[in-house]
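Engineer:
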């Protein structure tokens, strides 16, 4: 650790292996890194902490200032690119980033360019970034954040040092909630189990007074299965209604953001210029929210069946049910029709009715 002791890495929850690799890289960094893992796994926070450490290593006399500003995403030499729409685009985002990389650092000897949601880069955007990432200016270091590596990004991946960020373990999330004073020890594990490996989601669930009701609804499903499509349809409607209810706060937040944008653009005379991109972000956030809720529900069902196995129930049928849950979980990345996917799943699951 350069420039004295720092607690910056403590901000990265449950990613000890990634932190170990990044700490070791600070003294002799390469030109580009690719952080790969699901949303909420801590990639963005790790990137800002890493950026702070890189800048601190180059300027030990001002180490803590570099760390603090980098983590706050307010450092003049740490550039965070957040794609505005559904994709990272060449003309609107990739090309300006290339120009930014060519400029000299403002405060020190290095600059760090962090690209969020790089997995959404269009083929044209990825192609335009390739040469700069292959041979960046000596003062620039790229950190790309991606949930996966699509085929068109394989070449860029090969030019980067890859660091994986798996979903965060429930125990680590629970410990973080307690340490941050957000939840008592008896409540933290319940919240962590619903967080789908995301400490960010866990922090938002702390204030969710309907979380236990949603968990109980999923938990009760195996007891209510009777082999009929009618029962399945009722249960699917119930859990989807609960998810709708849980999402009302986010919908209200989005409506407030749109109203604020309309008022701002009315004042500036630029009405309509950014609404499309904001609405695209809102759709993406709602889709992610529902996916996280479904993962929570599927994980709850899997836990229920595992407990039944431990209790000595029919092992073969229960294992088949857990496998069906896993396949449905994997299919969520393809954004299937929610109602149809749940109905098909519940028709395959074994009943635990007494």
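Residue numbers (our numbering): 13 to 366. Beta carbons are placed, not taken as given, at the ideal position from N, Cα and C, and that holds for glycine.
Taking its Cβ as the centre, do 16 or more other Cβ atoms sit within 10 Å of residue 170, making it buried, or is it exposed?
Structural biologist: Result: exposed.
Engineer: One question on the structure: do residue 361 and residue 341 come within less than 7 angstroms of each other, judged by their Cβ atoms?
Structural biologist: Contact flag unset, no.
Engineer: Count the C-beta pairs between the segment 74–86 and the segment 201–220 that are closer than 8 angstroms, then say yes if the count reaches three, no if not.
Structural biologist: No: the two stretches stay apart, fewer than three of their Cβ pairs being nearer than 8 angstroms.
Engineer: Between the Cα of residue 63 and those of 83, 49 and 215, spot the shortest distance and give me the residue it belongs to.
Structural biologist: The option with the nearest alpha carbon to residue 63 is 83.
Engineer: Going by the CB atoms, is the gap between residue 89 and residue 65 shorter than 7 angstroms?
Structural biologist: Cβ distance not < 7 angstroms, so residue 65 and residue 89 don't count as in contact.
Engineer: For the structure I just gave you, are there three or more beta carbon pairs, one from the segment 301–308 and one from the segment 105–123, closer than 8 angstroms?
Structural biologist: Taking 8 angstroms as the limit for Cβ pairs, the verdict is that the segment 105–123 does not touch the segment 301–308.
Engineer: Given that a residue counts as buried once 16 or more other Cβ atoms are within 10 Å of its Cβ, and exposed if not, what is residue 23?
Structural biologist: Exposed, because fewer than 16 other Cβ atoms sit within 10 Å of the Cβ of residue 23.
Engineer: Might you give, ordered along the chain, the residues of its own chain that have their beta carbon closer than 8 angstroms to the beta carbon of residue 173, omitting 5 neighbours on each side?
Structural biologist: 37, 42, 44, 45 and 46, listed in sequence order.
Engineer: Checking 7 angstroms against the spacing of the C-beta atoms, do residue 4 and residue 181 come in under that value?
Structural biologist: Because the chain is modelled from 13 through 366, residue 4 falls outside the range shown and cannot be assessed.
Engineer: Does the segment 175–189 touch the segment 263–275, meaning 3 or more C-beta pairs lie closer than 8 angstroms?
Structural biologist: In short, these stretches do not touch, since the Cβ pair count stays below three.
Engineer: From residue 85 to residue 20, what does the alpha carbon distance come to, in whole angstroms?
Structural biologist: Between residue 85 and residue 20, the C-alpha separation is close to 13 angstroms.
Engineer: With respect to the alpha helix (DSSP H) encompassing residue 216, which residues constitute its N-terminal and C-terminal limits?
Structural biologist: Segment 211–217, the alpha helix (DSSP H) holding residue 216.
Engineer: Out of 177, 219 and 357, which has the shortest C-alpha to C-alpha gap to residue 233?
Structural biologist: Nearest of 177, 219 and 357 to residue 233, Cα basis: 357.
Engineer: Under three-state DSSP, which class holds residue 16?
Structural biologist: Note that residue 16 scores 48 on pLDDT, short of 50, meaning its location in the model is unreliable; the coordinates nonetheless yield the value given after this. Note: residue 16 maps to coil in three-state DSSP.
Engineer: What are the boundary residues of the beta strand (DSSP E) that residue 173 is part of?
Structural biologist: Per DSSP, residue 173 belongs to the beta strand (DSSP E) from 173–176.
Engineer: For the beta strand (DSSP E) that residue 125 lies in, which residues bound it at each end?
Structural biologist: Unbroken beta strand (DSSP E) run through residue 125: 123–127.
Engineer: Tell me whether residue 91 sits in a helix, a strand or coil according to DSSP, three-state version.
Structural biologist: Correct three-state label for residue 91: strand.
Engineer: Using the C-alpha atoms, what's the distance from residue 56 back to residue 116?
Structural biologist: Roughly 24 angstroms between the two C-alpha positions.
Engineer: Going by Cα to Cα distance, which pick from 168, 101 and 111 is closest to residue 136?
Structural biologist: With distances taken between Cα atoms, residue 136 lies closest to 101.
Engineer: So is residue 123 buried or exposed if we call it buried at 16+ other beta carbons inside 10 Å?
Structural biologist: By the neighbour-count rule (16 or more Cβ atoms within 10 Å), residue 123 is buried.
Engineer: Please classify residue 334 as buried or exposed, where buried requires at least 16 neighbouring CB atoms within 10 angstroms.
Structural biologist: That one is buried.
Engineer: Enumerate in chain order the residues of its own chain whose CB-to-CB distance from residue 255 is below 7 angstroms, with the five nearest sequence positions on each side excluded.
Structural biologist: Once the five neighbours on either side are set aside, the close Cβ partners of residue 255 are 302 and 305.
Engineer: Compare the beta carbon distance of residue 236 and residue 312 with 7 angstroms and say whether it is the shorter of the two.
Structural biologist: Result no, Cβ atoms of residue 236 and residue 312 do not sit closer than 7 angstroms.
Engineer: Any chance you could list the beta strand (DSSP E) runs of at least 3 consecutive residues sitting entirely within the segment 107–157, in chain order?
Structural biologist: Listed in chain order, they are 123–127.
Engineer: How long is the line joining the alpha carbons of residue 70 and residue 145, rounded to whole angstroms?
Structural biologist: Computed Cα separation, rounded: 21 angstroms.
Engineer: By DSSP's criteria, residue 45 is part of a beta bridge. Which residues make up the other side?
Structural biologist: Residue 45 is bridged to 155 and 173.
Engineer: Quick one: using the 10 Å Cβ neighbour count with 16 as the cut-off for buried, is residue 248 buried or exposed?
Structural biologist: With 16 or more other Cβ atoms within 10 Å, it is buried.
Engineer: Suppose the cutoff is 8 angstroms on Cβ atoms and the five residues either side in sequence are ignored; what does the same chain contact list for residue 132 look like?
Structural biologist: Excluding positions up to five away in sequence, the list reads 95, 98, 99 and 100.
Engineer: Looking at the secondary structure, which residues open and close the alpha helix (DSSP H) in which residue 232 lies?
Structural biologist: Residues 223–236.
Engineer: Label residue 27 either buried or exposed according to how many other C-beta atoms from any shown protein chain fall within 10 Å of its C-beta, with 16 as the threshold for buried.
Structural biologist: Buried.
Engineer: Judging by CA-CA distance, which residue of 188, 52, 229 and 114 is the nearest neighbour of residue 158?
Structural biologist: It is 52 whose Cα lies nearest to the Cα of residue 158.
Engineer: Excluding the 5 residues preceding and the 5 following residue 17 in the sequence, name in chain order all residues of the same chain whose CB lies nearer than 6 angstroms to its CB.
Structural biologist: Residue placement at residue 17 cannot be trusted, given a pLDDT of 49 that sits under 50; what the coordinates show is reported in the next sentence. Cβ within range, chain order: n/a, list empty.
Engineer: Going straight from the alpha carbon of residue 13 to that of residue 156, what length do you get?
Structural biologist: With a pLDDT of only 49 at residue 13, under 50, the local geometry of the prediction cannot be trusted, and no value is derived from it.
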